[in-house]
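Written out below as C-alpha cells is the structure these notes cover.
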Amino acid sequence: MSISRTIWERTLAGPAGRKADVPGRDSPQAGHETEPKSSGDVPVGEEAPRTSWWGLEEEWGRRQRAGPEAKYALAAVCVLAVSILAVVAGVFVSRARFGAPAAEERSGALDFDQRDVTATVRSGKRSLRWFLNHSTEAYHEAVGILEALNRVDDPALVPEHLRDFKRVRDKIRAWGPGWSSDFTVARSFDIECQVGAVGDTGFLVVSGVREDFTPFRSYFVRTMEGLKLDWEATAGWSEVPVGKLDGLPPDEPVLIRCWMGKEPGFDTGLYPGSLRSNYILLSPDREDVRWASVPANGPLDSKLREVLDYGKWILDRKRKSRVILRVSKLEQQSGSGPSKTAGFEIRELVADDWVLP
C-alpha cells in the first residue's frame, strides 16, 4: 500500500517537483477564503486584544499603550479629588472657627446648645464665659424667674427680676406683658437652652412652650445684681411694631425688633441698575411683613449680608435671622420686583439678635 501512495504523489507533482494544489478544506478553490491577519502581527485564528473606549486594555498581559483619552480622564479624576478635599477642609476649618468652645472652657451639668456661640468665647468675653462655667446655676435661676412671672399678671410686679426695670416700666404699661399664657417649665426635658453674645453682653436663652402651646423664647442677662430677664428681647418690643410702620412720617428712624431675610431674587426689578439691596422684614410672630432696602454693596449692606452668611460658598445661608434695626420710611418707589415697592430704608444694624448690648 505504501508503494501505491508514493506513485500517486509523484503523478500529482508538477514539472518542478512541487506538490500541486489539491482542492480541499484550506484551498481557496474550495470556496473558503483565507483569514486575513490582524494588525499587530496577531497569528491567524487568534483573537486580537479588545480595548475599552478610553484606550486601555481589557486583557492583562497584552502590550498596548493607552491613548490620550486615558490621560485626560486621569487628570479629571485628580482635579475632582483635590476639589472635594478642599471643600471638606474648608468646612472643618469653618466649624473650628465658628464652633463651640473647647470642653475645658465649660463646667456644669447642662449641655447648652451653643450653635450661636462664635469666636467671642475665645476672645475672653467674661459675660459669656460665666454662663458656660455656671450652666446649672444659670438654668435654675432662669427657671425660677419664669415661675415667678407665672404667679403674677403683670411683669412690672416683679421688678427685681427684670433688666433695667426703670427704663422698661413705662414700656410694659403701654405694650402689655408680651405674652398671654404661663410658661411651661415644670419638666426640664421640655426646655431648650442656648447661650450667645451681642457685643460685650452675653445672654442665656430659655425656650419652650406656654400652657396654650404657643412657643416662647426668653432672654436672660447677668448684671451686677444677678441674673435678670430681658423683657424687651423676650417680648420682641419695638418702638413701632412692624405692622404699623406704614404710619411713620418719612425720614424718621425708629428701632424695631424683627426677623430679617434676603433671597437672590429680591433685587430683581425694584431699582434700575441694582442700586439698592432689598431685605424682607417680619414681625417677631411672623404675621406682618414689610420690605426695606439699603444702598447696594455699601458698608451697611455688607454687615447685613454677614449676619445672614449671604454670598458665602462654604457656610449655609440663613433664611432669616433675628436682628434689631433702625428703619425709616421712604418715598414710594415703583418697580416690578417681589413687592412692587420697597417702602423703608434700613439705617442701622443695632444688634444681630434681640438683646441690646
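Just add 231 to wherever you are in the sequence shown, counting from 1, and you've got my numbering.
Just so you know, even glycine gets a beta-carbon here, dropped at the ideal spot from N, CA and C.
Please read all numbers here as calculations on a predicted model, not as lab measurements.
{"Check": "What's the C-alpha gap between GLU378 and VAL473?", "Outcome": "30 angstroms"}
{"Check": "Let me know the alpha helix (DSSP H) ranges lying completely inside the stretch 482-565, each 4 residues or longer, listed in chain order.", "Outcome": "530-539"}
{"Check": "Quick check on GLU442: does DSSP put it in helix, strand or coil?", "Outcome": "coil"}
{"Check": "Where do the ends of the beta strand (DSSP E) carrying LYS459 lie?", "Outcome": "457-460"}
{"Check": "How should MET491 be labelled, buried or exposed, when 16 other C-beta atoms within 10 angstroms of its C-beta is the threshold for buried?", "Outcome": "buried"}
{"Check": "For a test of the three-state rule: what should DSSP assign to ALA320, helix, strand or coil?", "Outcome": "helix"}
{"Check": "Nearest chain D C-beta to ASP461 closer than 8 angstroms, yes or no?", "Outcome": "Reference to chain D is not applicable here, since this structure consists of a single protein chain."}
{"Check": "State the start and end residues of the unbroken alpha helix (DSSP H) segment that holds ILE376.", "Outcome": "366-381"}
{"Check": "Using 8 angstroms for Cβ pairs, my map puts ARG441 next to TRP468. What's the rounded Cβ distance?", "Outcome": "Actually they do not touch by this definition, with Cβ atoms about 18 angstroms apart."}
{"Check": "Looking at C-alpha atoms only, which residue of LEU539, LEU479 and VAL558 is the closest neighbour of SER552?", "Outcome": "LEU539"}
{"Check": "Which term fits THR319, buried or exposed, when burial requires 16 or more other beta carbons within 10 angstroms of its beta carbon?", "Outcome": "It is Val, not Thr, that sits at residue 319 in the sequence shown. When all chains shown are included, VAL319 counts as exposed."}
{"Check": "Can you check whether the CB of ASP385 is closer than 8 angstroms to the CB of SER412?", "Outcome": "no"}
{"Check": "Quick check on the burial criterion: 16 or more other C-beta atoms within 10 angstroms. Buried or exposed for ASN528?", "Outcome": "exposed"}
{"Check": "Given a threshold of 16 other Cβ atoms within 10 Å of its Cβ, counted over all protein chains shown, does LYS211 qualify as buried or as exposed?", "Outcome": "Coverage of the chain is limited to positions 232 through 588, which leaves residue 211 absent and any answer about it impossible."}
{"Check": "Taking ASP498 as the reference, give the member of ASP532, ALA373, VAL581 and ALA405 with the closest Cα.", "Outcome": "ASP532"}
{"Check": "Tell me the rounded alpha-carbon separation between SER338 and LEU458.", "Outcome": "Its pLDDT being 35, under 50, SER338 is placed unreliably by the model, and the measurement read from it follows with that caveat. Approximately 18 angstroms, taken between the alpha carbons."}
{"Check": "Looking at the secondary structure, which residues open and close the alpha helix (DSSP H) in which PHE414 lies?", "Outcome": "It is not in any alpha helix (DSSP H) - PHE414 carries neither H nor E in the DSSP assignment."}
{"Check": "Could you tell me if ARG398 is buried or exposed, where buried requires 16 or more neighbouring beta carbons within 10 angstroms of its beta carbon?", "Outcome": "exposed"}
{"Check": "Work out the CA separation of ALA304 and LEU316 for me, nearest whole Å.", "Outcome": "19 angstroms"}
{"Check": "Around the C-beta of SER514, are 16 or more other C-beta atoms found within 10 angstroms, so that it is buried, or is it exposed?", "Outcome": "buried"}
{"Check": "Please report the residue range of the beta strand (DSSP E) in which PHE575 lies.", "Outcome": "575-582"}
{"Check": "On a Cα-Cα basis, can you pick out the residue from LYS560, ARG578, ARG404 and LEU556 that is closest to ASP584?", "Outcome": "LEU556"}
{"Check": "Tell me, which residues are paired with GLU423 by DSSP?", "Outcome": "SER438"}
{"Check": "Shortest alpha-carbon distance to VAL485 belongs to which of LEU380, PHE575, ARG382 and ILE376?", "Outcome": "PHE575"}
{"Check": "Alpha helix (DSSP H) containing LYS397: first to last residue?", "Outcome": "396-406"}
{"Check": "Since ILE403 and LEU460 should fall inside the 8 angstroms C-beta cutoff, what is the C-beta to C-beta distance between them, to a whole number of angstroms?", "Outcome": "Between LEU460 and ILE403 the Cβ distance is about 11 angstroms, and since that is not below 8 angstroms, they are no contact."}
{"Check": "Looking at VAL437: is its Cβ nearer than 8 angstroms to the Cβ of LEU359?", "Outcome": "no"}
{"Check": "Assign ARG382 to buried or exposed, taking buried as 16 or more other Cβ atoms, counted over all protein chains shown, within 10 Å of its Cβ.", "Outcome": "exposed"}
{"Check": "Please report the distance separating the alpha-carbon of ARG578 from that of PRO480.", "Outcome": "15 angstroms"}
{"Check": "Thinking C-alpha only, which one of ASN509, SER314 and ARG517 is nearest LEU535?", "Outcome": "ASN509"}
{"Check": "Work out the CA separation of VAL586 and VAL452 for me, nearest whole Å.", "Outcome": "9 angstroms"}
{"Check": "Let me know if LEU435 comes out buried or exposed under the rule of 16 or more other beta-carbons within 10 Å of its beta-carbon.", "Outcome": "buried"}
{"Check": "Using 10 angstroms around the beta-carbon of VAL558, count the other beta-carbons present and answer buried if the total reaches 16, otherwise exposed.", "Outcome": "buried"}
{"Check": "To the nearest angstrom, report how far apart ILE511 and HIS365 are at their CA atoms.", "Outcome": "38 angstroms"}
{"Check": "Between VAL313, LEU363, ASP519 and GLU300, which lies nearest to ALA428 when the distance is taken from Cα to Cα?", "Outcome": "LEU363"}
{"Check": "For SER314, list the residues DSSP reports as bridge partners.", "Outcome": "For SER314, which the question treats as bridged, DSSP gives no partner whatsoever."}
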